[in-house]
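Enquirer: Residue numbers (the working numbering), protein chains in the order written: chain V, 1 to 420; chain P, 421 to 840.
(1) Can you check DSSP and say which residues form a bridge with residue 194/V?
(2) For residue 257/V and residue 414/V, what's the separation of their Cα atoms in angstroms?
(3) Rounded C-beta distance between residue 340/V and residue 325/V? I'm assuming under 8 Å.
(4) Do you know whose CA, among 407/V, 32/V and 201/V, lies nearest residue 292/V's CA?
(5) Nearest to residue 376/V by alpha carbon, out of 180/V, 222/V, 361/V and 254/V?
(6) Taking 9 Å as the threshold (C-beta atoms), are residue 694/P and residue 802/P in contact?
(7) In chain order, what residues of the same chain have a beta carbon less than 8 Å from the beta carbon of residue 648/P, not counting five sequence neighbours either side?
(8) At 9 Å on the CB atoms, spell out the chain P contacts of residue 30/V, in chain order.
(9) Where do the N-terminal and C-terminal ends of the alpha helix (DSSP H) with residue 166/V fall, by residue?
(10) Do residue 672/P and residue 663/P have their CB atoms nearer than 9 Å?
(11) Helix, strand or coil, according to DSSP, for residue 829/P in the structure here?
(12) Within the 9 Å Cβ cut-off, does residue 391/V reach chain P?
(13) Along the beta strand (DSSP E) that carries residue 353/V, what are the first and last residues, could you check?
(14) Note down, in chain order, each residue of its chain lying with its Cβ closer than 6 Å to the Cβ of residue 131/V, except the 5 sequence neighbours on either side.
(15) Run down chain P in chain order and give the residues with a C-beta less than 9 Å from the C-beta of residue 311/V.
(16) Spell out whether any CB of chain P is found under 9 Å from the CB atom of residue 133/V.
(17) Per DSSP, what kind of secondary structure is residue 364/V in: helix, strand or coil?
(18) Rounded to the nearest angstrom, how far is the Cβ of residue 401/V from that of residue 283/V, given a contact under 8 Å?
(19) Any chance you could list the alpha helix (DSSP H) runs of at least 4 consecutive residues sitting entirely within the region 234 to 298 of chain V, in chain order?
(20) Excluding sequence positions up to five away, which residues of its chain have a Cβ less than 7 Å from the Cβ of residue 270/V?
(21) Where does residue 427/P sit, in a helix, a strand or coil, going by DSSP?
(22) Would you call the region 473 to 481 of chain P in contact with the region 432 to 446 of chain P, where contact means no fewer than 3 C-beta pairs closer than 8 Å?
(23) Any beta-carbon of chain P closer than 9 Å to the one on residue 315/V?
(24) Roughly how many whole angstroms lie between the Cα atoms of residue 378/V and residue 224/V?
(25) Per the contact definition of three or more C-beta pairs closer than 8 Å, is the region 88 to 99 of chain V in contact with the region 139 to 146 of chain V?
(26) Kindly indicate the opening and closing residues of the beta strand (DSSP E) around residue 153/V.
(27) Nearest CA to the CA of residue 767/P: which residue from 738/P, 785/P and 470/P?
(28) By how many angstroms is the C-alpha of residue 213/V removed from the C-alpha of residue 203/V?
(29) Using CA coordinates, which residue listed in 215/V, 168/V, 232/V and 170/V is at the minimum distance from residue 199/V?
(30) Assuming residue 86/V and residue 76/V make a contact with CB atoms under 8 Å, what is their CB distance in whole Å?
(31) If you follow the beta strand (DSSP E) that residue 212/V is in, where does it begin and where does it stop?
(32) Would you please state the rounded distance, in angstroms, between the beta carbons of residue 830/P and residue 800/P? I believe it to be under 8 Å.
(33) Does any CB atom of chain P fall closer than 9 Å to the CB of residue 43/V?
(34) Which chain V residues sit within Cβ distance under 8 Å of residue 594/P?
(35) Mind checking who residue 559/P pairs with in its DSSP beta bridge?
(36) Cβ closer than 8 Å: which chain V residues qualify as neighbours of residue 815/P?
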């Protein structure tokens, strides 16, 4: 099946916004077995949108557009597509009511220009948008005047705002696809997420053991982020379930505790879940990550039940005063040292009366390195009732990447301890 | 001038990585006056890359490709483009030496497969890559067999990793463009960044006063992010400089202190700069932002000179113990209250002996709201030698957006105070 994605928006072409739709929709579709084969972004001008849709209609079975369904004069996708396919637009009274309700809920009358959002091309399916005023639209080009033999294409128009597009896709488009464009073969996809092991080591460990299954139809893919490698396992056909679950078992056996989750699991959410299940608490003391570990942890809803608090102790004075790091330790070993990391973690645990405390101290750069402790040097400590451990790491990346990788390493040490 | 961008990579189509090249390159090019008119992403397969390059050659004066210059078997962009244009590849001895040096610097011999990266199509210009092994390539399709009348196109091939692509673009591609594809007319572009004012208010204030200049050729654009609106001012031709600088003066007069910077300035960097200039120091006490303010501040190189430290006090106990918030205040007013925000800021300032302290306490959600204090309620306090001020805000967004907007509001209050 040929699937294409068209993102419309002049702000994309000026580079004023990041196109997050591409990754999100490509990911959702790939995991459902509908791999996007081409994505294109064009400005909000009639000629560009018309040309890109016409080209897609000539090739694709399934086409998604994003944007251009709003009430303003540059929102022209609906009109252009109806025009291309020779469909008339009619006002849908039910949609007008929905839009009026949306504004009534905000104590405002519906502006007259929003009425255009209730226009529906003949034969189109309306996709409800409870988070906004622009409904999505799905329609079949049948016959399709742009394709060899008039082969039909499905066109699905989604609104631009991610908070409207995402639930519409999940709640309405996914079930619709299952009915109007079912895959010929069963498709199964699982992603296992690992941390603490490099991409080439992950490959070395599993490429061999998975060889037979790849031969039997397993699609094996890797994706490396900063300090994290995802392993994607997919298969099609009647034995897809069996192939993927055998592959997952092999990957688990080979990589063991390096696997921290599946699908969209995030490391910080896994750690919060572990602590919640054990009814244990955490504090953090950060120097070089500067609040990045606390920030990640508190992105997780419910973190407040287990995360007691954090200290960002950039200065030596703060390390002494709030964490009880000793003056002599700082003077003798320097702020970036195994002993200071240890005293920071123990101090944070003592001060917060938490079960666990993580501490990090290092040199994020770009300046501050020395021959003995170059930029990228970092010590990570984990204190608990069973004592304190310290790891020395070397993350010679730019400042932001250093912070991200170090935060992940620290959270991973806690995760591994909580597994034990 | 028609400019197109082709991003290659199967991982893009699976949605495993975010395509940050699109925004970055589109932004850089637009600010230079070369607006991208179409961006396309395709998998690393020969047919897809070949088709997309051929289509672009039929339309565009300037084409960028990203990715596919590495040493592995799926890195085929160089070969395919040379093939399309009928150019032979020859090994460039100087590049081989550079690659050998790159590996020697890492105490490794050059793997034989990296030699493919030294292949250069006849007539191509080699773009140095001091951060990696794959040089970029620039070549002119002249005559261009795919375009009406054989009109030439420039093709610029850039490596996939952002840390290699970005400096290569800035240091090598920008000067090259000025020579081989100069703009017909002078182009001037400035972006003023505002915070604390909504997009429609920004428009209302400046659309009228800028009307005459728009008539004279000013291109006026807006881009709203979370809690931030950028105003882009551009013009072409001999009077471009004059038009844009008059427009900037009008925008500054209308929006005043809502403007925090120009170009790529970030709010946190502006605040760090203000404090550095005044040799003053800052501490933060965060409840609902959970370390997000400290994290942003410490993303700025040199932050350690003025940012003394932070407290992430999620629990009431932590607020009392580390910041000296009074038990009675918490009991009478609740943790999310004007008085608690005030005591947090004053406590953080006292404990850190900083010149300024920011504190935030609020309800990030998704749970924890009440009818009097719904999700999104937040108090921001700023303590200094001149006393303490508290602002009540309402940011009813999802958890991550709430944290981002609140952090920005808090930093902006400090920025405004430091202006005064």
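Note that beta-carbon positions come from the ideal geometry of N, C-alpha and C, so glycine has one too.
Expert: A quick look at the data gives this:
(1) Counted from its first residue, the first chain places residue 194/V at position 194. The partner list for residue 194/V (beta bridge, DSSP) reads 229/V and 259/V.
(2) Start at 1 with the first residue of the first chain, and residue 257/V comes out as number 257. Start at 1 with the first residue of the first chain, and residue 414/V comes out as number 414. Cα-Cα distance, rounded: 12 Å.
(3) Taking the first residue of the first chain as 1, we reach residue 340/V at position 340. Taking the first residue of the first chain as 1, we reach residue 325/V at position 325. Contact flag correct, Cβ pair sits at about 6 Å.
(4) On the first chain, position 292 is the one that residue 292/V refers to. Nearest option by C-alpha distance: 407/V.
(5) As a working mapping, residue 376/V is identified with position 376 in the first chain. Comparing Cα-Cα distances from residue 376/V to each of 180/V, 222/V, 361/V and 254/V, the minimum goes to 361/V.
(6) As a first step, residue 802/P is located in the second chain; it is residue number 382 there, counting from the start. As a first step, residue 694/P is located in the second chain; it is residue number 274 there, counting from the start. The answer is no: Cβ separation not under 9 Å.
(7) Mapped onto the second chain, residue 648/P falls at position 228. Result list for residue 648/P: 613, 614, 615, 687 and 828, in chain order.
(8) Against the first chain, residue 30/V aligns to sequence position 30. Residues of chain P passing the Cβ test: 433, 434, 435 and 436.
(9) Sequence index remark: in the first chain, residue 166/V carries index 166 (1-based). That run of the alpha helix (DSSP H) goes 162 to 168.
(10) For the purposes of this step, residue 672/P is taken as residue 252 along the second chain, with counting starting at 1. For the purposes of this step, residue 663/P is taken as residue 243 along the second chain, with counting starting at 1. Cβ atoms of residue 672/P and residue 663/P: not closer than 9 Å.
(11) Taking the first residue of the second chain as 1, we reach residue 829/P at position 409. DSSP places residue 829/P in helix when its eight states are reduced to three.
(12) For the purposes of this step, residue 391/V is identified with residue 391 of the first chain, where counting begins at 1. No, because no Cβ of chain P sits closer than 9 Å to the Cβ of residue 391/V.
(13) Residue numbering aside, residue 353/V sits at position 353 when the first chain is read from its first letter. Annotation for residue 353/V: no beta strand (DSSP E) segment contains it, and DSSP assigns it neither H nor E.
(14) Sequence index remark: in the first chain, residue 131/V carries index 131 (1-based). Its chain contains 163 and 164 as the residues whose beta carbon lies nearer than 6 Å to that of residue 131/V, once the 5 sequence neighbours on both sides are disregarded; these appear in chain order.
(15) On the first chain, residue 311/V is found 311 positions in, with the first residue counted as 1. The answer, in chain order, is 729, 730, 731, 732 and 742.
(16) Within the first chain, the letter at position 133 stands for residue 133/V. Output row for residue 133/V: interface = no.
(17) Position 364 of the first chain, counted from the start, is the residue given in the question as residue 364/V. Correct three-state label for residue 364/V: coil.
(18) For this step, residue 401/V is matched to residue 401 along the first chain. For this step, residue 283/V is matched to residue 283 along the first chain. Their Cβ separation, rounded to whole angstroms, is 25 Å, which puts residue 401/V and residue 283/V out of contact at 8 Å.
(19) 240 to 255, 267 to 278 and 292 to 297
(20) Working through the first chain from its first residue, we reach residue 270/V at position 270. Cβ within range, chain order: 260, 261 and 415.
(21) Locating residue 427/P in the second chain gives position 7, where the first residue counts as 1. DSSP places residue 427/P within a strand segment (E or B) once states are collapsed to three.
(22) no
(23) Numbered from 1 along the first chain, position 315 holds the residue referred to as residue 315/V. Yes, its Cβ sits closer than 9 Å to a Cβ of chain P.
(24) Position 378 of the first chain, counted from the start, is the residue given in the question as residue 378/V. Position 224 of the first chain, counted from the start, is the residue given in the question as residue 224/V. Cα-Cα distance, rounded: 22 Å.
(25) no
(26) What you label residue 153/V is simply residue 153 of the first chain in a count that begins at 1. Start and end: 153 to 158.
(27) Position 347 of the second chain, counted from the first residue, corresponds to residue 767/P. If we check each option's Cα against that of residue 767/P, 738/P comes out closest.
(28) The residue labelled residue 203/V in the question sits at position 203 within the first chain. The residue labelled residue 213/V in the question sits at position 213 within the first chain. If you take the alpha carbons of residue 203/V and residue 213/V, they lie about 15 Å apart.
(29) Working through the first chain from its first residue, we reach residue 199/V at position 199. For the residues 215/V, 168/V, 232/V and 170/V, the minimum Cα distance to residue 199/V belongs to 232/V.
(30) By one-based count along the first chain, residue 86/V stands at place 86. By one-based count along the first chain, residue 76/V stands at place 76. Rounded, the Cβ-Cβ distance is 17 Å, inconsistent with contact.
(31) Walking along the first chain from the start, residue 212/V turns up at place 212. Looking at the DSSP string, residue 212/V is not in any beta strand (DSSP E); the run it does join, the alpha helix (DSSP H), is 211 to 215.
(32) Sequence index remark: in the second chain, residue 830/P carries index 410 (1-based). Sequence index remark: in the second chain, residue 800/P carries index 380 (1-based). Rounded to the nearest angstrom, the Cβ distance from residue 830/P to residue 800/P is 5 Å, consistent with a contact under 8 Å.
(33) In the first chain, the residue the question calls residue 43/V occupies position 43. At a cut-off of 9 Å, the C-beta of residue 43/V has a neighbouring C-beta in chain P.
(34) Position 174 of the second chain holds residue 594/P. None at all; the shortest Cβ gap to chain V is about 15 Å.
(35) Along the second chain, one-based indexing puts residue 559/P at 139. Note: residue 559/P sits in a beta bridge opposite 575/P.
(36) Your numbering for residue 815/P matches position 395 in the second chain. Neighbours of residue 815/P on chain V: none; closest Cβ ~14 Å, over 8 Å.
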